[in-house]
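One structure is given below, encoded as structure tokens.
What follows is the structure in structure tokens.
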């Protein structure tokens with residue numbers, strides 16, 4: 012690394028003794044307990060009550076919701092922690108986000124942010140009075156209301172609580188490059204069983220103790236899932252201790268709720284533990300600051316094991332079955348409260364056990380002393396700007412990508428590895444944006460040819476060093492993040508984006524399916540926040556899929572599947588964008604665009620192998636702006652009349668094959684009027700009514716014609732093109748070649764042939780589809796078939812492609828003396844995993 | 012559990028002292044070393060050589076492959092372990108499978124199984140002579156040859172080595188119910204960073220030490236990935252030790268290759284370690300057998316940390332860069348061996364360093380004493396029947412599902428939870444098939460209403476017990492496997508199936524995307540093995556997705572996405588099947604079918620909420636056999652003439668809505684001739700040329716007509732129906748309603764309305780599409796729109812659906828006095844997570 016990491020923003024991590032806070036009094040603890048009771052009351056109210064929010068009348072059946080939905084079990088633990096955090100955030104003026112791993116504990120977070128006042132500031136109609144309470148209760152998990160999980164609608168959340176497993180990844184992503192931020196992260200013991208969570212503990216090997224913030228994990232052992240105990244609650248204490256130490260943490264165990272210990276006592280114990288742990292963090296920070304970002308070692312960060320009963324403070328037993336402290340507390344313990352008098356009474360008893368009359372005043376406002384536990388609004392965890400990243404987001408400084416463009420004197424010249432060219436520009440992006448742009452990938456940044464970024468930054472690595480060459484490009488502070496876990500990279504990037512920064516993730520096309528479900532969850536976050544005025548737009552989630560399915564050099568058949576595009580396209584049209592730049596200059600232009608964008612999921616597929624350049628930088632900019640276009644220079648149209656056939660392509664390999672087919676057609680069918688169309692922005696194919704990028708029918712017909720055969724060579728599964736272009740006038744004339752799940756081969760052209768996407772087959776397609784050709788050109792068709800056979804046999808004999816194919820160069824480029832490259836031997840260049 | 016687990020098959024786990032094996036001699040160790048050298052030589056040969064396999068001529072450029080593809084780095088570790096295992100397998104007559112986590116070390120496994128003789132038995136043309144060696148080398152990662160990874164083509168493998176993360180899950184799946192089997196499982200330190208692998212260590216909490224076999228994990232710390240060090244190789248020894256103990260293992264550390272220790276010495280150390288570890292396992296087994304399957308506690312199973320240099324025995328350095336012991340060994344260290352004399356010489360030196368002339372005889376056969384290290388053929392790891400599960404597979408005994416059918420006196424009667432009915436039959440399947448049928452799910456078996464299985468078996472749980480009620484349905488040996496990790500459940504099930512057994516996985520529809528990429532890998536395994544005569548067919552991978560996207564009761568918007576079906580349908584047609592049974596009887600019939608099938612991925616989507624039954628058992632069998640059909644009783648056709656409109660449906664909720672729409676049309680448009688079609692087997696919609704289940708065009712047109720409007724209500728994303736039916740005559744008349752990513756609601760009908768799939772909207776669709784209706788029935792259309800609005804407002808006011816909707820019953824059923832249920836309030840029944 013040639014450029015040091017920027018000095019961290021001033022970040023104060025005081026010890027409690029240095030804050031001037033007074034010793035904890037019984038009143039302090041009582042206030043915490045009262046807050047907790049209030050939050051639990053509000054949580055139970057949300058799950059059950061349609062009316063009578065302050066229980067000022069005896070509970071009647073019609074006060075209870077007809078459908079009881081939600082999750083009680085995890086909630087009291089979450090509210091307990093929130094209550095205590097209020098105090099330390101206030102005392103230490105600590106910027107803290109609260110990441111809720113057990114996201115189904117939605118009522119607890121809504122209740123807590125309501126008590127602190129944030130909720131009513133964001134949603135004024137949910138006011139701090141009896142009418143507001145009624146709204147608060149009714150809306151929960153109710154048609155037209157809010158989800159039962161922690162969600163984008165929940166102030167203070169950067170974490171959608173549906174699918175479990177990503178709490179720690181999100182938390183670490185949030186604190187990267189934010190040295191003042193504490194991510195207080197509750198990990199549920201159910202969630203802890205998932206794979207992504209199990210590996211995300213190791214994030215601490217990637218956290219700089221000076222330039223990044225701090226994650227404080229709390230493993231919430233309430234012991235049960237839906238209908239089972241949890242693994243981590245049922246291993247021996249010494250094993251759990253070893254596991255946490257093995258993960259690199261110093262565990263602190265807190266247990267409460269299983270005996271008759273009075274609340275004052277367990278609140279005191281937890282408050283003191285929290286102070287101990289935060290002081291430990293303060294000491295670590297101070298020591299690391301002393302050593303400096305480039306020298307500080309990896310601390311054994313503290314974490315808390317928080318063992319409390321599931322459904323703590325809820326009904327001890329229902330119908331003779333233990334409920335508190337059991338999986339029976341998971342959802343709605345008194346599910347027939349509206350149906351039986353006995354359960355209605357149980358619910359009334361449960362609610363009144365919190366003594367709401369002591370917690371809310373006449374108007375229904377939280378009692379003043381309880382409300383005063385909350386930090387000032389600017390520090391309230393529900394209102395911290397980091398939890399509404401768009402508030403903090405500043406556009407990237409983007410250096411001029413045109414300066415990195417490839418010289419293209421004639422089409423087909425300028426053979427380069429496109430992603431390597433992109434890397435040269437990304438180096439400048441990294442340089443220009445210290446502390447707010449990171450590159451994430453599962454050990455593939457260099458493999459994907461982005462290694463130029465290492466001229467200006469390192470891979471952040473806070474585990475052990477072996478010295479010298481073996482640690483190439485590793486540094487304790489850097490803007491590249493690599494761990495062999497797509498889940499982890501995705502989760503970190505999401506956390507980084509959600510807190511207002513920028514980034515991209517590079518991955519193999521085939522393996523990006525690993526995060527399919529995470530993409531779903533992020534897409535839903537974007538969809539929902541698009542409709543929430545108070546949530547400001549965040550940077551797009553950008554994928555670069557550069558080791559794609561057509562070049563499986565080192566990996567045989569195992570690394571195939573272009574279906575991520577299909578997966579993404581199923582999401583809402585206003586969120587997703589898919590780009591298939593055919594060469595280096597279009598890739599640059601595309602990436603400049605996606606790094607400027609907000610609230611999208613951008614998928615860019617572009618190969619890393621040597622590839623001809625087709626467009627000059629200026630042409631590339633125009634082409635990308637249009638999203639698709641006719642390549643006049645490649646076709647043989649006559650001005651003023653429609654072509655006989657359209658050869659369309661999307662993707663780098665399909666583009667090479669279509670151009671080679673166009674070349675063959677020029678040679679063998681010179682009178683045929685061929686139009687060549689290239690598509691960069693796949694969404695242009697959709698009708699304008701279905702996608703914001705969609706072409707009008709008139710424009711579409713102008714480009715693809717309404718009547719002529721269109722032979723379309725596509726990077727992915729062919730059906731997607733049909734789907735996108737389905738409503739177009741000439742759709743019946745559209746013939747798509749794409750990926751067919753064929754091939755166990757290692758030679759590029761052989762792979763293309765196995766899937767019938769090759770130049771020879773495309774020529775055959777043209778002969779078959781243009782009226783009148785098939786009888787007149789039977790010989791040519793046979794010749795094409797023979798060439799395919801020859802190419803197949805050559806590959807099987809020699810292990811490389813037919814020279815005729817391998818050495819093919821677009822005629823203009825050949826005339827200009829350009830070297831072949833389209834399907835070059837990648838023996839020295841192919842390093843897919 | 013009312014029925015004890017069957018007594019285990021006799022499983023002998025002797026201590027070495029009891030086997031009669033003599034003490035290890037220097038000759039034994041020399042033989043192991045010679046085997047290792049031979050395996051390494053064969054591995055390097057596969058990566059580099061096209062010819063001159065025994066180096067009987069000086070190496071020339073043309074002997075080197077033109078494209079050098081493969082992975083050397085992990086290989087020597089894999090061959091080292093295989094060599095040593097041969098000895099212990101032979102001495103102890105141990106059934107052992109070798110699970111290769113670092114699957115890109117394909118050449119090492121091919122080399123090892125070639126040396127042991129299995130490879131030539133399976134592929135006679137790859138003979139044990141010079142000609143066979145040449146074939147062995149050439150075929151590797153070569154067009155028309157074999158993949159570079161451990162793959163279905165590799166004898167002895169149950170583990171495709173493309174995507175990393177599943178080695179331990181597969182290994183545990185393999186040993187469940189196979190008490191004599193040892194799964195020797197190499198976990199790469201790269202793979203160890205993935206989420207799925209990180210949680211899979213906890214599999215040991217689910218392994219019975221009497222009735223299951225044993226997994227011996229070897230964490231192969233060679234220190235590097237593609238271009239980075241690995242996390243676990245760069246944490247302190249005490250942390251790694253703690254981590255493994257935290258995972259419940261007793262670690263044994265072995266380090267070699269970093270100094271000048273002579274081979275005899277490190278081979279002796281490892282051989283002794285292996286004996287120690289296997290004796291430890293023998294002691295554990297003996298103690299557990301003493302206690303019995305129902306009483307034995309959880310042992311702290313041994314595992315081995317195997318720390319050796321990446322690319323061990325390869326070039327120490329190339330072009331001045333350290334290569335052995337560095338990430339530079341990952342793939343092909345001498346990538347320009349064909350291009351430069353210096354590297355060609357380096358390659359020659361490397362190959363001759365193994366002294367092939369001492370390892371192969373004149374004919375090119377492995378030297379007799381080396382070959383004799385291999386176990387006898389029936390125990391050779393490449394040939395163990397467990398690694399070719401189809402050899403061991405025995406059809407399930409399937410009790411008559413008809414006996415579990417619901418009485419359906421008239422359509423729409425017999426309101427039941429379909430999966431609960433299925434559960435009653437699965438209970439009998441479990442009962443009839445001890446030890447070879449397991450039910451897997453991420454804590455959802457009871458939530459998905461399959462709890463009847465607990466009458467005859469338990470959830471296998473070998474972690475701690477709390478006592479009584481809190482441990483309901485837990486047992487140390489049982490046929491239900493639950494851990495909150497879809498990855499883990501899927502991996503276990505794959506391992507179980509691949510070794511010849513049967514099972515199913517139940518999961519939420521939305522979360523099954525978590526395993527998208529694993530499905531890819533398994534689908535590829537099936538595709539490839541379909542073409543390998545020697546691989547016998549295994550049982551299908553069966554999914555039951557019962558908490559589906561239309562019933563998000565407890566979960567608001569977070570649990571949606573029916574795209575798993577789309578993902579699966581992208582795979583090869585001869586592998587995938589998708590079923591959407593509309594009621595309990597069709598679900599029973601479908602499951603009977605899928606549990607009999609082989610080599611498929613079967614996706615069955617069926618709700619768990621109360622649902623009317625439409626077909627008697629006999630009708631259901633006929634309907635499922637056809638896969639789709641006209642429901643005469645629901646339509647208003649006149650014999651002898653085409654209907655005016657076809658209402659089609661696939662999925663339980665769409666079926667209810669279509670029938671309710673048909674009912675509305677009867678009332679309001681009695682003269683309209685309506686046909687109702689239900690589709691169970693989605694693949695029937697495809698042309699017969701594209702899928703084995705595809706209907707002929709004639710049959711399709713007979714059912715759907717070629718000319719009439721078809722309004723199709725579909726469970727998932729509507730585009731899939733267009734895609735499947737795209738080539739059908741009447742496709743232009745097809746109008747599909749399905750899932751549109753809309754809805755943040757909790758009321759069933761409201762959800763359906765948000766996606767325009769509701770009965771009122773379907774009636775509007777019919778009015779819009781049947782010629783002549785729109786002008787005459789504008790009033791009815793308006794009425795439908797008004798009802799939608801009313802339903803929306805009612806839900807938002809009352810939190811439940813309009814009584815008109817909620818209480819709707821199909822008229823015949825209403826006449827017979829049947830209760831409503833189609834969209835019943837599930838307050839007491841809905842327990843999605």
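Residue numbers (the numbering used here), protein chains in the order written: chain A, 12 to 844; chain B, 12 to 844.
All C-beta atoms in this analysis are idealised placements derived from N, C-alpha and C, irrespective of residue type, glycine included.
Computed from a prediction, not measured in an experiment: that's the story for all the values here.
Determine the closest residue to residue i out of the options, with distance taken between C-alpha atoms.
i: residue 631 of chain A; options: A:602, A:621, A:767, A:30; result: A:602
i: residue 625 of chain B; options: B:424, B:803, B:481; result: B:424
i: residue 517 of chain B; options: B:553, B:473, B:701; result: B:553
i: residue 510 of chain A; options: A:550, A:484, A:538, A:134; result: A:550
i: residue 356 of chain B; options: B:193, B:330, B:335, B:337; result: B:330
i: residue 277 of chain B; options: B:656, B:39, B:307, B:172; result: B:39
i: residue 741 of chain A; options: A:720, A:756, A:747, A:724; result: A:720
i: residue 662 of chain B; options: B:823, B:380, B:562; result: B:562
i: residue 139 of chain B; options: B:189, B:378, B:267, B:184; result: B:378
Please state whether the Cβ-Cβ distance between residue i and residue j is less than 7 Å.
i: residue 438 of chain B; j: residue 467 of chain B; result: yes
i: residue 240 of chain A; j: residue 758 of chain B; result: no
i: residue 775 of chain A; j: residue 795 of chain A; result: yes
i: residue 635 of chain A; j: residue 597 of chain A; result: yes
i: residue 148 of chain B; j: residue 60 of chain B; result: yes
i: residue 30 of chain B; j: residue 103 of chain B; result: yes
Should residue i go down as buried or exposed, given a rule of 16 or more other Cβ atoms within 10 Å for buried?
i: residue 545 of chain A; result: exposed
i: residue 686 of chain A; result: buried
i: residue 204 of chain B; result: buried
i: residue 98 of chain A; result: buried
i: residue 900 of chain B; result: This structure cannot settle anything about residue 900 of chain B, because the visible part of chain B is limited to 12 through 844.
Which whole-angstrom value is the C-beta distance of residue i and residue j, which I expect to be below 8 Å?
i: residue 168 of chain A; j: residue 90 of chain A; result: So it is not a contact: roughly 15 Å between Cβ atoms.
i: residue 199 of chain A; j: residue 321 of chain A; result: So it is not a contact: roughly 10 Å between Cβ atoms.
i: residue 291 of chain B; j: residue 313 of chain B; result: 5 Å
i: residue 10 of chain B; j: residue 485 of chain B; result: Nothing in the structure corresponds to residue 10 of chain B, since chain B is present only between 12 and 844.
i: residue 338 of chain B; j: residue 244 of chain B; result: Not confirmed; about 11 Å, so no contact.
What are the residues in the stretch 292-310 of chain B lying within 9 Å of chain A by C-beta distance? Within the stretch 292-310 of chain B, the residues whose Cβ lies closer than 9 Å to any Cβ of chain A are, in chain order, 309.
Residues of the stretch 316-344 of chain A with a CB closer than 9 Å to any CB of chain B: list them in chain order, please. Taking 9 Å as the Cβ-Cβ cut-off against chain B, the residues of the stretch 316-344 of chain A that qualify are 332, 333, 336, 337, 338, 339, 341, 342, 343.
Can you give me, in chain order, the residues of the stretch 492-504 of chain A that have a beta carbon less than 9 Å from any beta carbon in chain B? Correct list: 493, 494, 495, 496, 497, 498, 499.
Which residues, in order along the stretch 447-468 of chain B, keep a beta-carbon less than 9 Å from a beta-carbon of chain A? For the stretch 447-468 of chain B, the beta-carbon criterion of a distance under 9 Å to any beta-carbon of chain A is satisfied by 453, 454, 455, 456, 457, 458, 462.
Select from the stretch 794-816 of chain A all residues with a C-beta closer than 7 Å to any C-beta belonging to chain B, and list them in chain order. Listed by position along the chain: 806, 807, 809, 810, 811.
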